[in-house]
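Asker: Take a look at this one; I'll ask things after.
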Ligand SMILES: [Zn+2]
């Protein structure tokens, strides 16, 4: 069973990974684990017990995987309301690790792991990295933040489990990141996609050509990003870029990851059961339909999660992947249901702005949306950084660029926005997740 942690097995015998378990065996395992986790949640966690009692479905009613849909949802506010330890199903003496994520308001949400949970987390990250073509002998720089955030330590344990050499740089200090990448012969980078964009820009300023380095793989996650951004990253750095998915409430990074087909992200379904529901009504939707991803942990001990609403909008891809994994895939997540901006009654997602900009030569994928309200009317301004060459060109070129962006955005969004071109590096950079939207509208 521990074949997944054996680097040689990862290299030579991919069929030994649980990723390739025959479908009927996988479904049997899922049902067995689902019944166990629902029973654990009911027995040990008051919130789950009360919810199940009030909806009239108790653990013994779960006889098939479709019975899962009879159970109530769990939301982020449940984690806030039970702060700090109200959802734990294990006594504190069995909890070996706590992580927390900063909420936008007030208290953070807290998540817990037993030793077995940490081992599962490591094993799914090993499977992620193996699916990206990484193995024993790779040198992996982990530039996700280390600390309460799950990104850094999660990727770190996974890389060690794979048998790679880990360079735990954590976030920040771009010049040092680039120096170590070069001097240590780093072959794989793990960070947020926007941070890697920042490193691409900074490397160019320092005269370091990333394409000449041994770096060949990037595993990017913790924020939604687009196919156009992947194309940009691959073109500018010469690497193969993979999308990894996860969230602290479920385990951290490693819930799912792309394989080398780059056709969606395989979910490690033996540990995390995915459903897609209508975000408005909560009704389950069939595979292939777009909706909100809901996840149930199948093996988590310290903090099981039943039907957690991720707010991420995607769909389950119905066809099998060419790589042969039996694990179902989700589409790349471009947006979250709570990312949606409503501007003059029109739904706008920041990812639409990003995709439009990446089609236009001369712009950098750095932008910021500024929302204001003037005389009761919403105004949207998109600030776009342009390449230094553009600012050196004649003023006519800038005007042409501005009108190209204007018409691209009008076309994609269906509303009139104001476009401001700004110099490279003039929009504030975050070391981790990008701050794409500043909303100064007051109710
Ligand atoms: Zn695949």
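Residue numbers (this note's numbering): 12 to 454. All C-beta atoms in this analysis are idealised placements derived from N, C-alpha and C, irrespective of residue type, glycine included.
Which value, in whole angstroms, describes the spacing of the CA atoms of residue 228 and residue 252?
Answerer: Here residue 228 refers to the residue found at position 217 when the chain shown is read from its first residue. Here residue 252 refers to the residue found at position 241 when the chain shown is read from its first residue. So the alpha carbons of these two residues sit roughly 6 angstroms apart.
Asker: Please classify residue 360 as buried or exposed, where buried requires at least 16 neighbouring CB atoms within 10 angstroms.
Answerer: As a position in the chain shown, residue 360 is number 349, starting the count at 1. Label assigned to residue 360: buried.
Asker: On the DSSP bridge assignment, give the partners of residue 263 in chain order.
Answerer: Locating residue 263 in the chain shown gives position 252, where the first residue counts as 1. Per DSSP, 258.
Asker: Under 6 angstroms Cβ to Cβ from residue 307, same chain only, skipping five residues before and after it: list those, please.
Answerer: As a working mapping, residue 307 is identified with position 296 in the chain shown. Answer for residue 307: 284, 317, 318, listed in chain order.
Asker: So what does residue 230 bridge to, in DSSP terms?
Answerer: If you number the chain shown from 1, residue 230 lands on position 219. Note: residue 230 sits in a beta bridge opposite 201, 253.
Asker: Between the alpha carbons of residue 59 and residue 194, how many angstroms are there, rounded?
Answerer: Position 48 of the chain shown, counted from the start, is the residue given in the question as residue 59. Position 183 of the chain shown, counted from the start, is the residue given in the question as residue 194. Distance between the alpha carbons of residue 59 and residue 194: 51 angstroms.
Asker: Using beta-carbon positions only, say whether residue 140 and residue 164 come within less than 8 angstroms of one another.
Answerer: Position 129 of the chain shown holds residue 140. Position 153 of the chain shown holds residue 164. Result no, Cβ atoms of residue 140 and residue 164 do not sit closer than 8 angstroms.
Asker: Do you know how far the Cα of residue 49 is from the Cα of residue 122?
Answerer: Here residue 122 is taken as the residue at index 111 of the chain shown, counted from 1. Here residue 49 is taken as the residue at index 38 of the chain shown, counted from 1. Spanning the two alpha carbons is a distance of roughly 18 angstroms.
Asker: Take the Cβ of residue 280 as the centre, count every other Cβ of all protein chains shown within 10 Å, and call the residue buried at 16 or more, exposed below.
Answerer: In the chain shown, residue 280 corresponds to position 269, counting from 1. By the 10 Å Cβ count, residue 280 comes out buried.
Asker: Look at residue 145 and residue 192 and say whether their C-beta atoms are less than 8 angstroms apart.
Answerer: Your numbering for residue 145 matches position 134 in the chain shown. Your numbering for residue 192 matches position 181 in the chain shown. No, they are not a contact pair.
Asker: I'd like to know if the stretch 363–373 and the stretch 411–430 are in contact, where contact means that at least 3 CB-CB pairs between them fall below 8 angstroms.
Answerer: Yes, the stretch 363–373 touches the stretch 411–430.
Asker: What is the rounded straight-line gap between the Cα of residue 309 and the Cα of residue 396?
Answerer: In the chain shown, the residue the question calls residue 309 occupies position 298. In the chain shown, the residue the question calls residue 396 occupies position 385. Answer to the nearest angstrom: the Cα atoms are 44 angstroms apart.
Asker: Answer with buried or exposed for residue 449, where buried requires no fewer than 16 other C-beta atoms within 10 angstroms of its C-beta.
Answerer: Here residue 449 is taken as the residue at index 438 of the chain shown, counted from 1. Residue 449 should be labelled exposed.
Asker: Kindly indicate the opening and closing residues of the alpha helix (DSSP H) around residue 240.
Answerer: For the purposes of this step, residue 240 is taken as the residue at position 229 of the chain shown. Per DSSP, residue 240 belongs to the alpha helix (DSSP H) from 238–248.
Asker: Report the CB separation of residue 430 from residue 393 in whole angstroms; it is logged as a contact under 8 angstroms.
Answerer: Your numbering for residue 430 matches position 419 in the chain shown. Your numbering for residue 393 matches position 382 in the chain shown. Rounded, the Cβ-Cβ distance is 5 angstroms, consistent with contact.
Asker: If you draw a straight line from the C-alpha of residue 91 to the C-alpha of residue 97, how long is it?
Answerer: Position 80 of the chain shown, counted from the start, is the residue given in the question as residue 91. Position 86 of the chain shown, counted from the start, is the residue given in the question as residue 97. If you take the alpha carbons of residue 91 and residue 97, they lie about 9 angstroms apart.
Asker: Return the CA-CA distance between residue 69 and residue 315, expressed in angstroms with no decimal places.
Answerer: Here residue 69 is taken as the residue at index 58 of the chain shown, counted from 1. Here residue 315 is taken as the residue at index 304 of the chain shown, counted from 1. Cα to Cα, residue 69 sits roughly 16 angstroms from residue 315.
Asker: Report yes if the C-beta distance between residue 343 and residue 299 is below 8 angstroms; otherwise report no.
Answerer: Against the chain shown, residue 343 aligns to sequence position 332. Against the chain shown, residue 299 aligns to sequence position 288. Cβ atoms of residue 343 and residue 299: not closer than 8 angstroms.
Asker: Residue 436 CB to nearest chain D CB: under 8 angstroms?
Answerer: The chain labelled as chain D is not found in the depicted structure, where only one protein chain is given.
Asker: According to DSSP, simplified to helix, strand and coil, what is residue 209?
Answerer: Locating residue 209 in the chain shown gives position 198, counting from the first residue. Residue 209: helix per DSSP, three-state reduction.
Asker: Tell me, please, which residues DSSP counts as bridged to residue 123.
Answerer: As a first step, residue 123 must be located in the chain shown, where it is residue number 112. 109, per the DSSP bridge assignment.
Asker: Since I believe residue 338 is in contact with residue 278 (beta carbons under 8 angstroms), could you give me their beta-carbon distance rounded to a whole number of angstroms?
Answerer: As a first step, residue 278 is located in the chain shown; it is residue number 267 there, counting from the start. As a first step, residue 338 is located in the chain shown; it is residue number 327 there, counting from the start. At roughly 6 angstroms, the Cβ-Cβ gap stays under 8 angstroms, so residue 278 and residue 338 are in contact.
Asker: Assuming residue 9 is part of the beta strand (DSSP E), what are its boundary residues?
Answerer: The chain is shown from 12 up to 454; residue 9 falls before or after that span and cannot be answered.
Asker: Which parts of the stretch 395–424 are runs of the alpha helix (DSSP H), unbroken and 4 residues or longer, counting only runs that do not cross its ends?
Answerer: As far as the stretch 395–424 is concerned, its whole alpha helix (DSSP H) runs of at least 4 residues are 399–403, 406–424.
Asker: Are there any heavy atoms of ligand 1 lying less than 7 angstroms away from the beta-carbon of residue 332, as far as the coordinates show?
Answerer: On the chain shown, residue 332 is found 321 positions in, with the first residue counted as 1. Yes, since a heavy atom of ligand 1 falls inside the 7 angstroms radius drawn around the Cβ of residue 332.
Asker: With respect to the beta strand (DSSP E) encompassing residue 434, which residues constitute its N-terminal and C-terminal limits?
Answerer: As a position in the chain shown, residue 434 is number 423, starting the count at 1. Looking at the DSSP string, the run of the beta strand (DSSP E) that includes residue 434 is 429–434.
Asker: Let me check you understand the geometry: is the CB of residue 343 closer than 7 angstroms to at least one non-hydrogen atom of ligand 1?
Answerer: Sequence index remark: in the chain shown, residue 343 carries index 332 (1-based). Not so, every heavy atom of ligand 1 lies at least 7 angstroms from the Cβ.
Asker: Classify residue 28: buried if its beta carbon has 16 or more other beta carbons within 10 angstroms, exposed otherwise.
Answerer: Here residue 28 refers to the residue found at position 17 when the chain shown is read from its first residue. Classification for residue 28: buried.
Asker: Could you check whether residue 105 and residue 125 sit closer than 8 angstroms to each other, using their CB atoms as the reference points?
Answerer: Within the chain shown, the letter at position 114 stands for residue 125. Within the chain shown, the letter at position 94 stands for residue 105. It is a contact, given that the beta carbons lie within the stated cut-off.
Asker: Give the straight-line distance between the Cα atoms of residue 188 and residue 85, rounded to the nearest whole angstrom.
Answerer: Walking along the chain shown from the start, residue 188 turns up at place 177. Walking along the chain shown from the start, residue 85 turns up at place 74. Approximately 39 angstroms between the Cα atoms of the pair.
Asker: Determine the extent of the beta strand (DSSP E) in which residue 288 is found, giving its start and end residues.
Answerer: Counting from one through the chain shown, the residue named residue 288 turns up at place 277. Residues 283–288.
Asker: Check whether the stretch 65–84 and the stretch 37–55 are in contact - that is, three or more C-beta pairs closer than 8 angstroms.
Answerer: Touching, per the Cβ criterion.
Asker: Measure the Cβ-Cβ separation of residue 312 and residue 446 and say whether it is below 8 angstroms.
Answerer: By 1-based counting over the chain shown, the position of residue 312 is 301. By 1-based counting over the chain shown, the position of residue 446 is 435. Their beta carbons are not under 8 angstroms apart, which means residue 312 does not touch residue 446 by this criterion.
Asker: Reducing DSSP to helix, strand and coil, say where residue 169 ends up.
Answerer: One-based indexing of the chain shown puts residue 169 at position 158. In the structure shown, residue 169 sits in a helix (DSSP, three-state: H, G or I).
Asker: How about the stretch 235–253 and the stretch 286–295: do they share at least three Cβ pairs that are nearer than 8 angstroms?
Answerer: Flag = no, the stretch 235–253 and the stretch 286–295 do not touch.
Asker: Could you tell me the distance, in whole angstroms, from the CA atom of residue 349 to the CA atom of residue 333?
Answerer: Along the chain shown, read from residue 1 onward, the residue named residue 349 stands at position 338. Along the chain shown, read from residue 1 onward, the residue named residue 333 stands at position 322. Each residue's Cα considered, the two are about 33 angstroms apart.
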